[in-house]
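Those protein sequences? They're chains A and B, same order as listed.
Take the first sequence: its position 196, counting from 1, is numbered 196 in the working numbering, and each next residue is one higher.
Take the second sequence: its position 194, counting from 1, is numbered 579 in the working numbering, and each next residue is one higher.
The structure appears right after this line, and notes come after that.
2 protein chains.
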Amino acid sequence: MIVVQKFGGTSVKGTERLREVAKWVVENKNKGKKMIVVVSAPGGMTDSLIEKAKEINSNPRGRELDMLLSVGEQISAALLAMGIEELGEKAISFNGSQLDIRTNNDYNNAKILSIPSKKILDKLNDGYVVIVTGFQGIDSEGNTTTLGRGGSDTSAVAIGAAVGADKVEIYTDVDGVYTSDPRIVKKARKIKSISYDEMIEMADKGAKVLHCRSIELASKYEIPVELRSAFTWEEGTWIKKEKTMENSVVRGISNISNLANLRINLKNMEELVEHLEENHIEVKLFQQLENSKFSILTGKEEAQRFYKVLKNRGYFPELTDDLSMISVVGLGIASNNIPRKLTKILNLNEINIDSISSNQTSVSYVISQNKLNNANAIFHRELFE
Amino acid sequence: MIVVQKFGGTSVKGTERLREVAKWVVENKNKGKKMIVVVSAPGGMTDSLIEKAKEINSNPRGRELDMLLSVGEQISAALLAMGIEELGEKAISFNGSQLDIRTNNDYNNAKILSIPSKKILDKLNDGYVVIVTGFQGIDSEGNTTTLGRGGSDTSAVAIGAAVGADKVEIYTDVDGVYTSDPRIVKKARKIKSISYDEMIEMADKGAKVLHCRSIELASKYEIPVELRSAFTWEEGTWIKKEKTMENSVVRGISNISNLANLRINLKNMEELVEHLEENHIEVKLFQQLENSKFSILTGKEEAQRFYKVLKNRGYFPELTDDLSMISVVGLGIASNNIPRKLTKILNLNEINIDSISSNQTSVSYVISQNKLNNANAIFHRELFE
């Protein structure tokens, strides 16, 4: 049985944590598992490297930024290997270049193209724990590339796919996916199992526990992923292919704070899309209100920035601040009566709905920021308690 | 004209220093030079990484230690590249793997075997400043290796040799090689030019301004090296092939503090050599006093450690503490009257000589540690003032 375990930044920050991780990995190996371990940079290091880069360059990016950022994972990997060796087990660490983790050359946000598995499998068969730097690879010319923030999750799943792993375990500072954000809803409970599509939807709608691309990849190769805590080590949430697709269940509630809405009159959509791309605005919700009137929901700061840009160009945008979005996620949710029920609940509780959107796996309500916690509590009580 | 500039740890520690270095490199490039820059890890980083390794492993060494230590130079290289880009010039950083700087697999103390020059020359011809991580390479299987402390000097000279550079400039926190240690002898003056052999001898006898291996390599390929300050940027000391080999000149004075002498009765030399190797004792001076009596001069701590080892094995070593060695360096020094003159000076000044040794390029006196500064002052006055 081959298992990939991925450890995030807080899980490998400092000697004490690394020692805990080393112990856990060796325990698992001693149960007869072949162990591949993917590590992030020690918590805070990537930010501090970016800080250093900004001190010397007004706009750090591209090849040299990746050359810089890739070192953090290598530090974690080498130290963890030494920690495992200290426990009397064989360990070997590899960086993206040594394993030829091939990506495109889209620096700072590269996509994995291929991972040769032979070197990893050979070392596993020789009894080694194989430790791999997450977040990075090389392009066809050997330049170092990185996958973007949170990319180590994607590395772990991609390596799992390449070697045909039985499971990918993602260890982090939360112990699973919850029915709602436990910081907001005290009675939120851990979800035992969730489908790939639901997890992607939960993440997309605000539950930032996993890199979305990693779940898309896991779904493509049908590798079971388990999200677990590297602090309590208890069982977490399984993310896997669901067998009972017809039996729609509400899985969880996600939410995004600090949103804003911009309404703009523009000649056509192409013009708007052009403006959005040019200004790197990530749109959460897009609506065409009438013929040449559009509404976009985006982060508050982005909205304010875009508002100024549009005004300077002679448009008259209307900005609505202090919005949030609450989403209920579950396979097939749109095709049963849940959206209707939820809308009714919000109306009964006098929570104004700015807009509604839904797809096969989620239904989302844009509401006032100051109503968000209330809505969360109410939805959770109705759906899960 | 191709120039290699190497910057040590203190020269690239912190944004301010990196900015200064970037400016200097660009100035040089603007004079029409093709610039290769070799960098060390930011000052203190290698030590702090070793510290971290020791926290998690009782004896960090081998492959994983090199994997860990190689990151420091990559940080310097990437940040310097960004600093140069900020000044509007093209720069690209390469690590040992990307340039295929091939070494043997003697981890932590590897020797460079070959450096392909094409990639470097192509980028120089494309107008790039080429920045290379010092101190590291890869073995034939792609494992990361490091060259041992101070190895970046050797990297710089080896790269210079590979590309046929006209000159290697080694920038550090001292501004040249001095006639004696300026901290001890106030009137010590900067040496303008020194031969490879003299420099090797100066370094071997205590002037730790350069990695010895780098000068041996420079000598082999006859590449002129200049040791300069990265703080004042003024002209430093040239290390190159001397033309007037017959005209012997006293070049400088080196010294080593905190030495100790061990005298031991042993059956034969082989036995002693075995004990020395086993206990990793680096011998500065070795003498066979009579048939089975040997004297070894070594660092004080090493001597004390070795003393205990020998006692525990039933020998009766005699330890003399608080010694030092002063050496006068100059090509052909042994074959003229200088050793005789120096011995006379020490006698006249009532400085006891524990032992004398000499070779073609230096004459060394082992004297009491508390006489060292005095001997330095007297020698310097007689020879240089």
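C-beta: ideal position from N, C-alpha, C; glycine also.
This one's a predicted model, so the numbers in the text were calculated from it and none came from an experiment.
8 Å CB neighbourhood of residue i in its chain, flanking five on each side removed
i: residue 754 of chain B; result: 642, 643, 644, 707, 708, 709
i: residue 28 of chain A; result: 3, 5, 35
i: residue 356 of chain A; result: 339, 343, 363, 364, 365, 366
For residue i, the nearest candidate out of the options (CA to CA)
i: residue 193 of chain A; options: A:235, A:281, A:26; result: A:235
i: residue 634 of chain B; options: B:526, B:401, B:720; result: B:720
i: residue 91 of chain A; options: A:270, A:351, A:100, A:79; result: A:79
i: residue 558 of chain B; options: B:624, B:386, B:615, B:659; result: B:615
i: residue 404 of chain B; options: B:454, B:498, B:518, B:473; result: B:473
i: residue 489 of chain B; options: B:522, B:624, B:515; result: B:522
i: residue 111 of chain A; options: A:214, A:372, A:331, A:183; result: A:214
i: residue 653 of chain B; options: B:668, B:674, B:664; result: B:674
i: residue 331 of chain A; options: A:217, A:198, A:315; result: A:198
i: residue 167 of chain A; options: A:3, A:356, A:382; result: A:3
i: residue 746 of chain B; options: B:684, B:637, B:761, B:556; result: B:637
i: residue 12 of chain A; options: A:24, A:42, A:201, A:95; result: A:42
i: residue 601 of chain B; options: B:613, B:549, B:538; result: B:538
i: residue 545 of chain B; options: B:502, B:394, B:597; result: B:502
i: residue 378 of chain A; options: A:356, A:121, A:347; result: A:347
i: residue 157 of chain A; options: A:23, A:36, A:26, A:328; result: A:36
Cβ shell of residue i (< 6 Å), same chain only, five flanking positions each side left out
i: residue 460 of chain B; result: none
i: residue 151 of chain A; result: 135
i: residue 592 of chain B; result: 639
i: residue 127 of chain A; result: 90
i: residue 317 of chain A; result: 262, 264, 307, 310
i: residue 287 of chain A; result: 295
i: residue 432 of chain B; result: none
i: residue 611 of chain B; result: 554, 621, 623
Buried versus exposed call for residue i [16 or more other C-beta atoms within 10 Å across all chains shown]
i: residue 617 of chain B; result: exposed
i: residue 604 of chain B; result: buried
i: residue 449 of chain B; result: buried
i: residue 7 of chain A; result: buried
i: residue 313 of chain A; result: exposed
i: residue 16 of chain A; result: exposed
i: residue 302 of chain A; result: buried
i: residue 58 of chain A; result: exposed
i: residue 417 of chain B; result: exposed
i: residue 663 of chain B; result: exposed
i: residue 183 of chain A; result: exposed
i: residue 97 of chain A; result: buried
i: residue 595 of chain B; result: buried
Simplified DSSP assignment, three categories, for residue i
i: residue 238 of chain A; result: strand
i: residue 6 of chain A; result: strand
i: residue 252 of chain A; result: strand
i: residue 564 of chain B; result: coil
i: residue 293 of chain A; result: strand
i: residue 299 of chain A; result: strand
i: residue 497 of chain B; result: strand
i: residue 595 of chain B; result: coil
i: residue 710 of chain B; result: strand
i: residue 220 of chain A; result: helix
i: residue 746 of chain B; result: coil
i: residue 128 of chain A; result: coil
i: residue 64 of chain A; result: helix
i: residue 741 of chain B; result: strand
i: residue 703 of chain B; result: strand
i: residue 87 of chain A; result: coil
i: residue 786 of chain B; result: Nothing can be reported for residue 786 of chain B, as the shown portion of chain B is limited to 386 through 770.
i: residue 205 of chain A; result: coil
i: residue 14 of chain A; result: coil
i: residue 257 of chain A; result: strand
Residues that residue i contacts on chain C, provided the C-beta gap is smaller than 8 Å
i: residue 462 of chain B; result: Of the chains in the structure shown, none is chain C; the protein chains are A and B.
Sequence-distant residues of its chain with Cβ nearer than 7 Å to residue i (five each side left out)
i: residue 222 of chain A; result: 241
i: residue 145 of chain A; result: 66, 103, 105, 107, 110, 136, 137, 138, 139
i: residue 572 of chain B; result: 765, 770
task = For the segment 509–536 of chain B, enumerate the residues whose C-beta is nearer than 7 Å to any C-beta of chain A, in chain order.
result = 527
query = Between the segment 213–234 of chain A and chain B, which residues of the former have a C-beta closer than 7 Å to a C-beta of the latter?
reply = none
request  = Would you list, in chain order, the members of the segment 94–115 of chain A that have their beta-carbon closer than 7 Å to a beta-carbon of chain B?
outcome  = 97, 98
key: Selection of the segment 409–436 of chain B by Cβ proximity to chain A, strictly under 8 Å   = 434
key: Contact residues within the segment 10–24 of chain A, judged by C-beta distance below 7 Å to chain B   = 15, 18, 19
query = Using a Cβ cut-off of 8 Å, which residues of the segment 52–64 of chain A contact any Cβ in chain B, in chain order?
reply = 52, 53, 55, 56, 57, 58, 60, 63, 64
key: Residues, ordered as in the chain, of the segment 169–196 of chain A that lie near chain B by beta-carbon distance below 8 Å   = none
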